[in-house]
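Okay, structure first, notes after.
In our numbering, the protein residues as written are 55 to 594.
Quick look at the structure:
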């Protein structure tokens with residue numbers, strides 16, 4: 055993902071020479087000091103090693119050595135005539151260190167955008183509390199602002215998933231972050247234009263722009279992280295680590311607001327919400343430099359291009375069942391996840407934050423509560439990173455759904471008694487976050503990045519993510535009225551039923567992708583018996 059100078063320097067054994075093998079496995083090119091620049095203009099895809107008598111080793115690397123250069127580094131822009139300047143070999147303990155550094159860089163470049171996403175999506179809840187105290191607007195105005203980014207995200211997920219598969223991952227990754235930066239800074243400058251276009255309307259507009267970029271981060275972050283993973287056995291943890299930045303962003307949003315409240319005080323809350331929104335663009339502003347330095351992934355560069363019409367035909371005719379599993383699981387999960395917001399009033403009461411004296415106290419108490427809730431959910435993200443390559447995506451998602459369903463079931467059946475036992479209620483409430491983040495919240499993000507071929511990978515991830523956001527909208531529209539009509543206990547029973555249905559869907563439809571090469575379907579995703587000659591021409 056990075057420029058020439060960032061490639062791991064490695065020390066080559068004197069008795070070994072390196073050869074580069076292109077797609078044609080019968081063609082080998084030996085690299086030596088006499089090679090010309092033009093000889094290396096072809097994209098190297100496979101690197102093997104031979105000893106001086108030209109006997110190919112059974113291993114792709116010399117004994118006790120390991121090639122750390124990721125596939126996305128192997129591009130004609132990187133390999134030059136002075137190959138030894140870029141490809142050397144080091145003892146394995148130094149390679150391990152550089153592998154770790156590469157994975158950290160990859161997570162930061164892809165994950166910082168996701169941190170911005172989570173921060174911007176969750177900080178608005180605190181900003182709306184401040185705005186309601188300053189402008190005394192009705193709930194409909196707040197609803198427009200809070201849903202603006204959500205609808206923008208749905209469109210962004212669909213659009214940038216398609217853009218990533220048609221134009222490229224790199225250019226899409228730069229554009230999405232640009233929208234996030236512009237949307238974040240634009241939001242903080244919102245003001246009243248006239249009675250028909252007030253500060254809430256302007257803020258909603260900027261939030262739509264912000265959400266458009268946020269939505270694009272979903273398919274792009276997952277796809278790029280998956281395609282640049284150096285090891286199939288650790289690919290899941292790398293993609294999950296990118297997603298775990300969501301947890302960091304969620305806890306960062308109330309911490310930033312808390313610091314601003316302490317600095318600005320009760321008389322300058324207008325400055326607090328503006329600075330809080332502006333902060334969401336700062337990490338992206340820093341990270342845009344590194345995204346500009348990125349190289350296109352080898353998976354995308356070497357793909358067979360598919361026409362738009364044939365692209366969707368391929369998805370519908372061959373991958374509909376896989377898409378049903380990835381999109382359906384995400385859709386169901388986001389409906390159930392909405393139920394966690396129904397606990398807020400109860401948590402406020404149990405934590406002693408009820409009946410604030412002033413608007414400032416209400417803002418402060420809401421911020422403190424948000425910190426507690428973020429802390430409850432944070433461990434689950436990291437447990438998901440640890441378990442996903444050990445347990446497997448499908449099994450982890452099934453276990454997460456079943457445990458989440460059991461927790462909702464217990465709370466629903468005995469809600470009136472449990473709510474009176476403060477410590478028990480908080481523990482069970484925390485478990486809903488833990489099982490969600492360690493299970494389906496993480497796996498629904500990872501699975502689409504591994505379940506589809508390169509040609510449609512980002513598109514299908516975007517469709518899956520959009521299904522999740524639509525599930526959240528439906529959850530808000532359907533569960534909230536049900537809650538007001540039948541109470542929280544019965545609502546939790548409905549959520550339990552949805553969680554169990556997510557378990558069944560995962561069991562029957564979702565395929566396990568743990569440890570499997572990400573490109574294994576790329577060569578056989580064309581059904582020669584069902585796709586016509588026109589389609590075959592499009593693949594050229």
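Backbone N, C-alpha and C fix where the C-beta goes; we use that ideal spot for every residue, glycine too. All values reported here derive from a predicted model rather than from experimental measurement.
The alpha helix (DSSP H) that contains residue i, what's its start and end?
i           : result
residue 443 : 413–445
residue 557 : 542–563
residue 473 : It is not in any alpha helix (DSSP H) - residue 473 carries neither H nor E in the DSSP assignment.
residue 284 : Residue 284 -> no alpha helix (DSSP H), and no H or E assigned at all.
residue 354 : 352–355
residue 320 : Careful: residue 320 lies outside any alpha helix (DSSP H) and carries neither H nor E.
residue 341 : 336–346
residue 236 : 223–242
residue 380 : 374–391
Can you find the residues in the same chain that come closer than 6 Å, C-beta to C-beta, to residue i, ignoring five residues on each side of it along the sequence?
i           : result
residue 554 : 459
residue 138 : At residue 138, the pLDDT of 39 sits below 50, so the modelled position is not reliable; the number obtained from the coordinates is stated separately. Cβ within range, chain order: n/a, list empty.
residue 213 : none
residue 473 : 479
residue 306 : 173
residue 520 : 208, 211, 212
residue 124 : Residue confidence is low: residue 124 scores 39 on pLDDT, short of 50, so the model does not pin down where it sits. No coordinate-derived value is stated.
residue 177 : 307, 330
At the level of alpha carbons, what is the spacing between residue i and residue j?
i           : j           : result
residue 595 : residue 462 : No answer is possible for residue 595: it lies beyond the span of the chain, which begins at 55 and ends at 594.
residue 162 : residue 498 : 21 Å
residue 222 : residue 278 : 10 Å
residue 431 : residue 347 : 34 Å
residue 318 : residue 389 : 37 Å
residue 456 : residue 445 : 15 Å
residue 158 : residue 164 : 10 Å
residue 565 : residue 286 : 16 Å
residue 391 : residue 199 : 20 Å
residue 475 : residue 419 : 22 Å
residue 249 : residue 187 : 19 Å
residue 522 : residue 256 : 26 Å
residue 247 : residue 189 : 14 Å
residue 512 : residue 274 : 7 Å
residue 595 : residue 276 : Outside the shown range of the chain, which is 55 to 594, sits residue 595, and nothing can be said about it.
residue 417 : residue 185 : 10 Å
residue 265 : residue 204 : 6 Å
residue 373 : residue 155 : 36 Å
residue 483 : residue 471 : 14 Å
If we call anything under 7 Å between Cβ atoms a contact, is residue i one with residue j?
i           : j           : result
residue 267 : residue 323 : no
residue 300 : residue 172 : yes
residue 434 : residue 506 : no
residue 441 : residue 450 : yes
residue 211 : residue 516 : yes
residue 556 : residue 387 : yes
residue 518 : residue 502 : yes
residue 294 : residue 496 : yes
residue 365 : residue 510 : yes
residue 464 : residue 345 : no
residue 270 : residue 560 : no
residue 443 : residue 288 : yes
residue 326 : residue 315 : yes
residue 234 : residue 379 : no
residue 427 : residue 514 : no
residue 258 : residue 334 : no
residue 226 : residue 217 : yes
residue 414 : residue 320 : yes
residue 572 : residue 280 : yes
residue 438 : residue 492 : yes
residue 371 : residue 180 : no
residue 195 : residue 254 : yes
residue 508 : residue 355 : no
Is residue i near the ligand FMN, with its Cβ less than 6 Å from a heavy atom?
i           : result
residue 500 : No copy of the ligand FMN appears in this structure; indeed no ligand is present at all.
Can you name, in chain order, every residue of its own chain whose Cβ lies under 7 Å from the Cβ of residue i, other than the five neighbours on each side?
i           : result
residue 302 : 169
residue 260 : 237, 240, 241, 244
residue 290 : 442, 443, 447, 500, 568
residue 452 : 557, 560, 561
residue 423 : 401, 402, 405, 407
residue 251 : none
residue 350 : 222, 223, 224
residue 16  : Not covered by the structure: residue 16. The range shown for the chain is 55 to 594.
Cutting at 8 Å between CB atoms, please list the residues of its own chain near residue i, excluding the five before and the five after it.
i           : result
residue 375 : 563
residue 467 : 543, 547
residue 412 : 320
Length at least 4, wholly inside the region 469–513: the alpha helix (DSSP H) runs in chain order: 469–472, 476–492, 494–500
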